[in-house]
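A.B. asks: When you line the sequence shown up against mature numbering (1 follows the signal peptide of the UniProt record, and there is no 0), it's residues -20 to -1, 1 to 725, in that order. Every residue, glycine too, gets a C-beta built ideally from N, C-alpha and C. All figures in this text were calculated on a predicted structure; none of them were measured in a lab. The structure under discussion is supplied below as structure tokens; questions concerning it will follow.
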Amino acid sequence: QFVEVQYSLCGCLLLNLALAQYEYLGYPPGYPDAAEEQYTAPQLTPDTPRIQLRLAGDKRKHNEGRVEVFYSGEWGTVCDDDFTIHAAQVVCRELGYVEAVSWSPSSKYGKGEGRIWFDNLHCTGKEATLALCPSNGIGVSDCKHSEDVGVVCSDKRIPGFKFVNTLPNHIESLDIQVEDVRIRPILSSYRKRIPVTEGYVEVKDGGKWKQICNTEWSQFNSRVICGMFGFPMEKKYNVRIYKMFARRRTPSYWDFAINCTGNEAHLSSCKLGQPTSLKSNATCAGGFPVVVSCVPGKAFSPSPMAGFRKAFRQEQPLVRLRGGAIVGEGRVEVLKNGEWGTICDDNWSLLSANVVCRELGFGTAQEALSGGRLGQGMGPVHMNEVRCSGFEKSITECSFNKETLGCSHEEDAAVRCNVPAMGFQERLRLSGGRNPYEGRVEVLVERNGSLVWGTVCSESWGTMEAMVVCRQLGLGFASNAFQETWYWPGEVSADAVVMSGVRCSGTEMSLSHCLHHGDHLSCPKGGGRNAAGVSCSETAPDLVLNPQVVEQTTYMEDRPMFMLQCAYEENCLSSTSSQVPANTYRRLLRFSSQIHNNGQSDFRPKASRNSWVWHECHRHYHSMEVFTLYDLFSLNGTKVAEGHKASFCLEDSECDEGIEKRYECANFGDQGITVGCWDTYRHDIDCQWVDITDVKPGDYIFQIVINPNYEVPESDYTNNIVKCRCRYDGHRVWMYSCHNGKTSQ
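Pasting the structure below:
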């Protein structure tokens, strides 16, 4: 019996250790969480000071900010002296959040005004209100507002949280604190629509859903609610139908009205309105429950006019997002004088991020990101110190500083926007993986009138398809695409193939939007062990070629065939080279390539070290069969010459200041390109050319494509191309107007 217990303890210990290694990954939406405590309202003694809290200042998401305390009829702040994560925990829980994530001293969210109500707080983290933490006493402080403290709270709200107003005489000063908000479709025509765009606005308070009386409701309130749910604007609805519906069913009203200015990113930033006055029959005086009707952005609203719209050229957008893993997030780039550039993060705030999100057809901003968090851009920094009111139609209408000296791409601003709930995550799952970020891909499809789970045929399954899966599940970028998944035992009932011939462009929101065979399945390999699989990652590399280096290093060389034997073996010469004697010359267009990793994770070759190919002639290993393509096109797009480059060796040639090299080729070392480093292929190494021996004099377009087969996932493939104008007169060559991106200039 003792031995059994010992084995049992060892087994539990090993299981806990095995699970612990994946704790840092967290759990994605839809994964079962541990049971949560239910909220119980704090029981305060009569002598406990009555305070209310809010998060204010220059926020970058709604659940963070400067801690402000309402006491004795005025708002004040909290000093950072002796403040700890335990005090932050008390603040966040008093506001209805599950826990505190972090806290910040020294007025990170800007300097507050008024009194400094608390100083030298010594909380244990268990107090029901900040007023119960030992301190110098309310209003006793030797601090300045440069010491105002701020906190970041978790996204999750406490289940069953109920707002208790302890200061009824100052209600107009208080922010809204409820457990949850939703738009509940009422009319049958809206109940089956995805996304839900119209219905009652309901708040969850004390574990119960309540409607809001519309007597004091404004268009600004509707604008904020629509924005929270991923919609850029609101519209009018049929009032008469909802009045009739309200008469048939008695609503359950929340105790308060809501007062928004219209530029808030979230309802929690709006103010409480007056208490709701109800008639004896529980209906609100002269009104009915609040209804909103929202307008989805183009990407989320299938329109019968779509075909008509495509017949006309759409306007060139002035703003775009790049480098984001999922729809509605990315580095903000603006178009100015025909050139895309970035925004410096000085003063970057939720207000400015809201404008970007709405402009692009999304809702309000979940978060305004700074410090190049979603990768570094290229080209100029167009805007600095952007300040918006929140009502501008475009970020280009906001005031900003044109002077960007001191701004670098390490300070590129980004956004994470609210997008409509399309239900895509419910139709896809990863099964059998060691953690929630990997597994066999299983999709939910309709078969014979019922919904069944099944696998995806792995034939032609690659990086682009995996990217769509990870995006659909909200798990970031693909890190690998697998054509065999026998090591991941998925659900046996889902072994059958239900989707085949999947081909994605990589930008789709759902795997079902990709090209596929539909009902006419074709999968000779079958599902089960040969089903498609993926592994996902929150970050990805992003390779960018320096166009100026290409332009500045281009020259022409005539080289005898007998000196090109190795290059000939690697197919780096044109096909006519096989028919000429060894003493003839080949004319080579040579140039250098400087490839920078601007992403958030290292660029590593897909093939593992044991499968790298040794090239005897060059005495080096190839870790990628084709790393870059070099092509020369006529002005009408006909290819006239081509070259390719195996990954001679991926290594860190140079790095940005403060970054250490991690990869080098010497002694069969690890290959890759570190974030913030670049790999330089010099013009004088083999295959760093295009063979133009057979090309006639004229004007051409020269193109370089990095990672052309998408072997390694990246956060942005649009910047993997460099195009240049090229003039060749038979004796000399000129390279000019080199630029990144697919478009010509």
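Could you check which residue in ASN720, LEU568 and ALA474 has the C-alpha nearest to that of HIS576?
C.D. replies: Answer by Cα proximity: ASN720.
A.B. asks: Report the three-state DSSP secondary structure of GLY721 (helix, strand or coil).
C.D. replies: Coil.
A.B. asks: With a cut-off of 8 angstroms on the beta carbons, I'd call GLU48 and GLY56 a contact; round off their distance for me.
C.D. replies: Confirmed, about 7 angstroms.
A.B. asks: In this structure, does DSSP put ALA401 in helix, strand or coil?
C.D. replies: ALA401: coil per DSSP, three-state reduction.
A.B. asks: Reducing DSSP to helix, strand and coil, say where GLU694 ends up.
C.D. replies: It is coil, neither helix nor strand.
A.B. asks: Name the residue from ALA476, GLU406 and GLU418 whose alpha carbon lies nearest to the alpha carbon of ARG427.
C.D. replies: Per the Cα distances, ALA476.
A.B. asks: Which whole-angstrom value describes the C-beta separation of ASP325 and GLU391, a residue pair presumed to lie in contact below a C-beta threshold of 8 angstroms?
C.D. replies: ASP325 to GLU391, Cβ: 5 angstroms. Contact.
A.B. asks: Where do the ends of the beta strand (DSSP E) carrying SER517 lie?
C.D. replies: Residues 513 to 517.
A.B. asks: Is there contact here, the segment 384 to 404 with the segment 344 to 355, by at least three beta-carbon pairs under 8 angstroms?
C.D. replies: Touching, per the Cβ criterion.
A.B. asks: For PHE200, tell me which candidate among PRO212, LYS190 and TRP189 has the shortest Cα-Cα distance.
C.D. replies: The residue with the shortest Cα to Cα distance from PHE200 is PRO212.
A.B. asks: In three-state DSSP terms, what is GLU391?
C.D. replies: In the structure shown, GLU391 sits in a helix (DSSP, three-state: H, G or I).
A.B. asks: Tell me which residue opens and which closes the alpha helix (DSSP H) that GLY317 is part of.
C.D. replies: According to the sequence as given, residue 317 is Asn; it is not Gly. Per DSSP, ASN317 belongs to no alpha helix (DSSP H) and is neither H nor E.
A.B. asks: Under the rule that 16 or more other beta-carbon atoms within 10 Å means buried, what is VAL560, buried or exposed?
C.D. replies: By the neighbour-count rule (16 or more Cβ atoms within 10 Å), VAL560 is not buried but exposed.
A.B. asks: Per DSSP, what are the beta-bridge partners of ALA621 in this structure?
C.D. replies: Partner(s): LEU612.
A.B. asks: Counting only the same chain and skipping the five closest in sequence on each side, list residues whose C-beta sits under 6 angstroms from that of TRP714.
C.D. replies: Closer than 6 angstroms at the Cβ level, and outside the excluded window around TRP714, lie ARG707.
A.B. asks: Helix, strand or coil for ARG427, going by three-state DSSP, please let me know.
C.D. replies: Looking at ARG427 - three-state DSSP - the assignment turns out to be strand.
A.B. asks: Would you kindly work out how many angstroms separate the C-alpha atoms of ILE238 and ILE166, rounded to a whole number?
C.D. replies: Taking the straight line joining both Cα atoms gives about 21 angstroms.
A.B. asks: Does the count of Cβ pairs from the segment 298 to 306 and the segment 680 to 699 closer than 8 angstroms reach three?
C.D. replies: Verdict: yes, contact present.
A.B. asks: Taking the runs of the alpha helix (DSSP H) that are 4 residues or longer, which of them lie wholly in the segment 56 to 103?
C.D. replies: Listed in chain order, the complete alpha helix (DSSP H) runs (minimum 4 residues) inside the segment 56 to 103 are 65 to 74.
A.B. asks: I think PHE371 touches GLY242, with their Cβ atoms under 8 angstroms apart; what is that distance to the nearest whole Å?
C.D. replies: The Cβ separation is near 7 angstroms, so the contact holds.
A.B. asks: Between which two residues does the alpha helix (DSSP H) carrying TYR233 extend?
C.D. replies: No alpha helix (DSSP H) contains TYR233, which DSSP labels as neither H nor E.
A.B. asks: So, using beta-carbon positions, are PHE380 and MET358 closer together than 8 angstroms?
C.D. replies: Not closer than 8 angstroms, so no.
A.B. asks: Name the two residues that bound the continuous alpha helix (DSSP H) containing LEU569.
C.D. replies: Counting along the chain, LEU569 falls outside any alpha helix (DSSP H), though it belongs to the beta strand (DSSP E) covering 565 to 570.
A.B. asks: Which first and last residues belong to the alpha helix (DSSP H) in which GLY179 is found?
C.D. replies: Here GLY179 belongs to no alpha helix (DSSP H); instead the beta strand (DSSP E) covers 178 to 185.
A.B. asks: I'd like the list of long-range same chain contacts for residue 731, defined as Cβ closer than 6 angstroms, with 5 residues on each side in sequence excluded.
C.D. replies: This structure cannot settle anything about residue 731, because the visible part of the chain is limited to -20 through 725.
A.B. asks: Between the Cα of THR618 and the Cα atoms of ILE681, PRO677 and GLU309, which residue gives the shortest distance?
C.D. replies: That would be ILE681, whose Cα lies nearest to the Cα of THR618.
A.B. asks: Considering only residues of the same chain and omitting the five flanking positions on each side of PRO400, which have a CB-CB separation below 7 angstroms?
C.D. replies: The answer, listed in chain order, is PRO175, PHE209, GLY210, PHE211, PRO276 and PHE280.
A.B. asks: Out of GLU107, LEU330, VAL312 and ASP671, state which residue places its alpha-carbon closest to the alpha-carbon of ARG40.
C.D. replies: Out of GLU107, LEU330, VAL312 and ASP671, LEU330 has the C-alpha closest to the C-alpha of ARG40.
A.B. asks: Can you round the beta-carbon distance between VAL702 and PRO527 to whole angstroms, since I take them to be within the 8 angstroms contact cut?
C.D. replies: Sure, about 5 angstroms apart at Cβ, within 8 angstroms.
A.B. asks: Anyone know if the C-beta pair for CYS387 and GLY308 falls short of 8 angstroms?
C.D. replies: Contact: no.
A.B. asks: Checking 8 angstroms against the spacing of the C-beta atoms, do ILE163 and VAL144 come in under that value?
C.D. replies: Not a contact, by the Cβ cut-off of 8 angstroms.
A.B. asks: Whole angstroms is fine: what's the gap from SER717's alpha carbon to GLU319's?
C.D. replies: Cα-Cα distance, rounded: 13 angstroms.
A.B. asks: Using the beta-carbon count (16 or more within 10 Å), is HIS711 buried or exposed?
C.D. replies: Exposed, by the Cβ-count rule.
A.B. asks: Express the C-alpha separation of HIS497 and GLU471 in angstroms, rounding to a whole number.
C.D. replies: Looking at the two C-alpha atoms, the distance is approximately 23 angstroms.
A.B. asks: In three-state DSSP terms, what is TYR467?
C.D. replies: In this structure, TYR467 counts as coil in the three-state DSSP scheme.
A.B. asks: For the segment 657 to 665 against the segment 630 to 641, do three or more pairs of beta-carbon atoms, one drawn from each stretch, fall closer than 8 angstroms, so that the two count as touching?
C.D. replies: Judged by Cβ distances under 8 angstroms, the segment 657 to 665 makes contact with the segment 630 to 641, as three or more pairs qualify.
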